Amino acid sequence: MNHSNRELPIIVIILLLLANVSSAQETIFAYVDGGESSRFAPEPVTGYKLEVTKRIYEDLVRARGDMQKKKPTLFMNKGRRYIAWMNPEKVQIGVEEKAYDICRSFGKDSLNALAMLLSHELTHYYESHDWSRHFVNANEGLEASEKIGALDEGIKLETQADYLGGILAISAGYDGYGLMPEFLKETYARYGLPDELPGYPSLQERIRLSDNTAKELKILHGVYKTANFLTLINAYEPAIAYYEHILTKYQSTEVYNNAGVSAALALLDLIEPEEMPYVLPLELDQSSRLDELATRLPKDVEERKSLLLEKSRQFLANAIGLSKKEATPMLNMAILAMLEDEWDESEYLARKAIKTAKKYQQPKAEGDALIVLGILAALQGDKSEAKDFFQQGQKQSPDLARRNLALLSNTPEKAISRQAPVKGVEKIGSIYLDDFLADPQVDQSVELSGNVFNGQKTYASSTVELHFADDGDKYAIFQETSADYAGQSQLGAREGDSREKVENLYGPASKTINLRHGICLRYDNANILFFFNANDQLDRWVIYNAEL
Numbered sequence: 001m002n003h004s005n006r007e008l009p010i011i012v013i014i015l016l017l018l019a020n021v022s023s024a025q026e027t028i029f030a031y032v033d034g035g036e037s038s039r040f041a042p043e044p045v046t047g048y049k050l051e052v053t054k055r056i057y058e059d060l061v062r063a064r065g066d067m068q069k070k071k072p073t074l075f076m077n078k079g080r081r082y083i084a085w086m087n088p089e090k091v092q093i094g095v096e097e098k099a100y101d102i103c104r105s106f107g108k109d110s111l112n113a114l115a116m117l118l119s120h121e122l123t124h125y126y127e128s129h130d131w132s133r134h135f136v137n138a139n140e141g142l143e144a145s146e147k148i149g150a151l152d153e154g155i156k157l158e159t160q161a162d163y164l165g166g167i168l169a170i171s172a173g174y175d176g177y178g179l180m181p182e183f184l185k186e187t188y189a190r191y192g193l194p195d196e197l198p199g200y201p202s203l204q205e206r207i208r209l210s211d212n213t214a215k216e217l218k219i220l221h222g223v224y225k226t227a228n229f230l231t232l233i234n235a236y237e238p239a240i241a242y243y244e245h246i247l248t249k250y251q252s253t254e255v256y257n258n259a260g261v262s263a264a265l266a267l268l269d270l271i272e273p274e275e276m277p278y279v280l281p282l283e284l285d286q287s288s289r290l291d292e293l294a295t296r297l298p299k300d301v302e303e304r305k306s307l308l309l310e311k312s313r314q315f316l317a318n319a320i321g322l323s324k325k326e327a328t329p330m331l332n333m334a335i336l337a338m339l340e341d342e343w344d345e346s347e348y349l350a351r352k353a354i355k356t357a358k359k360y361q362q363p364k365a366e367g368d369a370l371i372v373l374g375i376l377a378a379l380q381g382d383k384s385e386a387k388d389f390f391q392q393g394q395k396q397s398p399d400l401a402r403r404n405l406a407l408l409s410n411t412p413e414k415a416i417s418r419q420a421p422v423k424g425v426e427k428i429g430s431i432y433l434d435d436f437l438a439d440p441q442v443d444q445s446v447e448l449s450g451n452v453f454n455g456q457k458t459y460a461s462s463t464v465e466l467h468f469a470d471d472g473d474k475y476a477i478f479q480e481t482s483a484d485y486a487g488q489s490q491l492g493a494r495e496g497d498s499r500e501k502v503e504n505l506y507g508p509a510s511k512t513i514n515l516r517h518g519i520c521l522r523y524d525n526a527n528i529l530f531f532f533n534a535n536d537q538l539d540r541w542v543i544y545n546a547e548l
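If you want it as structure tokens, here you go:
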């Protein structure tokens with residue numbers, strides 16, 4: 001989810017080359033060495049600024065999911081020398097309060113800026129960039145050619161940190177790569193730095209590098225968004241190809257888990273409702289599968305089920321391998337075991353997920369795991385125990401608990417009646433999706449695999465993501481409103497409107513989908529997705545058309 005519409009008085013985005021800064025006691029790797037030093041260590045910063053920064057930091061660490069290395073401690077101080085740094089000896093990542101304050105000028109993008117800064121530093125740490133071999137300032141005896149070679153190698157690693165850090169931020173739900181050039185200019189000015197610093201590329205070179213990195217990240221971000229949009233409209237198998245493309249460039253718990261869930265959801269589409277008559281936690285909308293009329297399954301259903309099962313298992317195993325502290329991939333693996341009728345294994349994994357969720361304070365995952373235990377009990381004929389588990393899970397997972405309690409008592413909730421089409425044509429700005437499809441002109445495109453292409457087009461008030469497969473016989477097009485879009489939807493919904501107002505305009509949603517930072521309402525009669533933030537305010541919307 002894009003965080004561009006959440007305003008926090010926070011921090012920065014930067015693309016500055018790490019220098020190796022030595023002292024008698026330790027070595028730290030700083031973004032810059034501004035030269036302002038003191039006999040005394042800068043005063044630490046606590047309170048609100050640090051707490052807000054920690055919340056974003058934890059999002060990024062969770063998305064990275066690399067538990068093979070110790071998690072660095074986050075630190076903030078009142079220094080005015082380094083902007084941000086990574087201390088490998090103390091296993092510490094630091095941010096200066098001045099850098100935090102600079103970000104206030106970025107307004108609604110401040111949250112994204114913080115994520116980009118921290119993800120950059122985390123990438124240097126997790127990728128084990130060994131800067132002790134590449135710093136220049138502390139080695140005056142090097143020949144000029146050696147210095148240039150060292151600096152060139154440093155630029156390569158720094159560019160990698162920007163790129164992989166950008167992907168990490170995107171996978172955690174943040175979008176700030178477009179801020180890099182402006183932030184560089186602002187930071188140099190506010191810190192009073194010259195355009196040329198010893199041991200660093202010039203400011204103009206950094207801006208050029210950040211522009212190039214931003215262009216690459218924009219393409220990959222389009223791939224990631226398209227994968228998510230496809231999943232939201234139940235196009236699970238096409239979404240898998242997009243996640244697989246991302247995983248060739250970057251691996252994290254978040255991406256592996258999303259890919260595993262997409263494969264598992266595609267598998268569920270091939271399972272008759274009577275085989276799984278309860279609502280599973282990994283089902284995004286918690287409604288439609290059991291409500292929709294059964295359709296004729298494809299002839300190769302068993303082969304496809306086997307392939308999807310194996311894909312999902314492998315994706316989730318990788319997610320679990322990267323993060324032993326994240327309960328959700330473990331819970332999803334428990335659901336896979338349930339679908340294979342491996343009930344003992346499923347119960348073991350679900351209980352393990354509960355322990356992990358309790359230990360690391362993940363209440364939603366704990367509630368979902370209790371629902372899984374309830375479904376296991378129900379499938380084995382113990383309705384009393386199933387009811388007990390569903391009731392235990394009500395606090396953390398109320399919607400799932402309610403639905404499954406109703407199914408357990410043979411009083412399933414009434415399905416939403418088929419909605420009448422919305423009068424008129426939904427459009428954002430002056431763009432009609434049918435017109436775009438008739439002559440698709442994109443700014444950039446990428447071939448994913450086989451005969452699958454993703455294209456992107458940016459307008460002043462929206463962005464278009466295009467999925468093409470089988471020479472255009474299968475396609476999906478999504479148009480998303482930009483931040484601060486001033487227009488309205490066909491029936492009058494605007495950014496900032498309450499969920500209640502949107503539901504009054506459009507009626508009950510076809511699907512209600514829980515997201516990490518809010519919810520999505522999907523209206524099949526209007527081909528529109530409404531995204532609401534944690535405060536139930538309309539953040540953005542997406543209109544779409546698909547033939548898959």
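One point on numbering: in the UniProt record's numbering, the residue at position 209 of the sequence shown is 209, and numbering is uninterrupted.
C-beta atoms are modelled at their ideal positions from N, C-alpha and C, and glycine is treated no differently.
These figures come from a predicted structure and were not determined experimentally.
Figure out for me which residue from the options has the closest Cα to the Cα of residue i.
| i | options | result |
| --- | --- | --- |
| I83 | V446, L193, P440 and E345 | L193 |
| D524 | F531, H517, G518 and A509 | A509 |
| F478 | Y506, A369, L373 and N527 | N527 |
| N545 | D399, Q361, F229 and Y360 | F229 |
| V279 | L405, D175 and D341 | L405 |
| L398 | K364, E342 and L114 | Reading off the sequence, residue 398 comes out as Pro, not Leu. Out of K364, E342 and L114, K364 has the C-alpha closest to the C-alpha of P398. |
| K218 | E244, D434, N504 and G176 | G176 |
| L282 | K358, V372 and K359 | V372 |
| V52 | Q68, M76 and A63 | M76 |
| G260 | I207, H120 and L331 | L331 |
| residue 565 | K108, T159 and D439 | Missing from the structure shown is residue 565; the chain here goes from 1 to 548 and no further. |
| D473 | L548, V502, Y506 and G487 | L548 |
| K108 | N514, I513 and D484 | D484 |
| D33 | F183, E303, T187 and R104 | T187 |
| Q488 | F106, L437 and K427 | K427 |
| L379 | L265, P277 and I354 | P277 |
Who are the Cβ neighbours of residue i in its own chain at under 7 angstroms, not counting the five residues just before and after it?
| i | result |
| --- | --- |
| E385 | A377 |
| K71 | V61 |
| K49 | M76, E97 and Y100 |
I'd like the list of long-range same chain contacts for residue i, defined as Cβ closer than 6 angstroms, with 5 residues on each side in sequence excluded.
| i | result |
| --- | --- |
| E535 | The amino acid occupying residue 535 in the given sequence is Asn; Glu does not appear at that position. No residues qualify anywhere along the chain. |
| K311 | A263 |
| residue 575 | A query on residue 575 cannot be resolved here, the shown segment of the chain reaching from 1 to 548 and no further. |
| F531 | C520, D539 and R540 |
| A401 | F390, G393 and Q394 |
| S461 | G429, S482 and Y485 |
Measuring only the C-alpha atoms, how far is residue i from residue j?
| i | j | result |
| --- | --- | --- |
| S262 | L168 | 20 angstroms |
| S482 | R540 | 7 angstroms |
| S171 | T328 | 15 angstroms |
| I375 | N257 | 22 angstroms |
| I56 | A115 | 6 angstroms |
| G367 | N533 | 22 angstroms |
| D443 | Q92 | 40 angstroms |
| K225 | A239 | 10 angstroms |
| L74 | G173 | 20 angstroms |
| S110 | E500 | 28 angstroms |
| K156 | Q394 | 50 angstroms |
| L220 | K358 | 34 angstroms |
| E340 | E274 | 15 angstroms |
| Y243 | A41 | 45 angstroms |
| R104 | D59 | 21 angstroms |
| H467 | G492 | 28 angstroms |
| W343 | I543 | 41 angstroms |
Excluding five sequence neighbours on each side, which residues of the same chain lie with their C-beta closer than 8 angstroms to the C-beta of residue i?
| i | result |
| --- | --- |
| G424 | Q490 |
| Q251 | N318 and L322 |
| K305 | L267, L270 and I271 |
| E43 | N77 and K78 |
| R190 | K98 and I102 |
| G496 | Q537 and L538 |
Under 8 angstroms by Cβ, that's how I've got residue i and residue j pegged, so tell me the actual separation to the nearest angstrom.
| i | j | result |
| --- | --- | --- |
| Q392 | L370 | 5 angstroms |
| N451 | D471 | 7 angstroms |
| M86 | H124 | 5 angstroms |
| L316 | L336 | 7 angstroms |
| D162 | H129 | The pair is not a contact, with the Cβ atoms about 12 angstroms apart (cut-off 8 angstroms). |
| G222 | E465 | 6 angstroms |
| E447 | T463 | The pair is not a contact, with the Cβ atoms about 20 angstroms apart (cut-off 8 angstroms). |
| G165 | L122 | 7 angstroms |
| S449 | A227 | Not quite, the Cβ-Cβ distance comes to about 13 angstroms (not below 8 angstroms), so this is no contact. |
Three-pair Cβ contact test at 8 angstroms for the segment 87 to 98 versus the segment 345 to 363: No, the segment 87 to 98 is not in contact with the segment 345 to 363.
message: Tell me whether the segment 219 to 239 and the segment 181 to 198 touch, counting them as touching only if at least three CB pairs, one residue from each stretch, are closer than 8 angstroms.
response: In short, these stretches do not touch, since the Cβ pair count stays below three.
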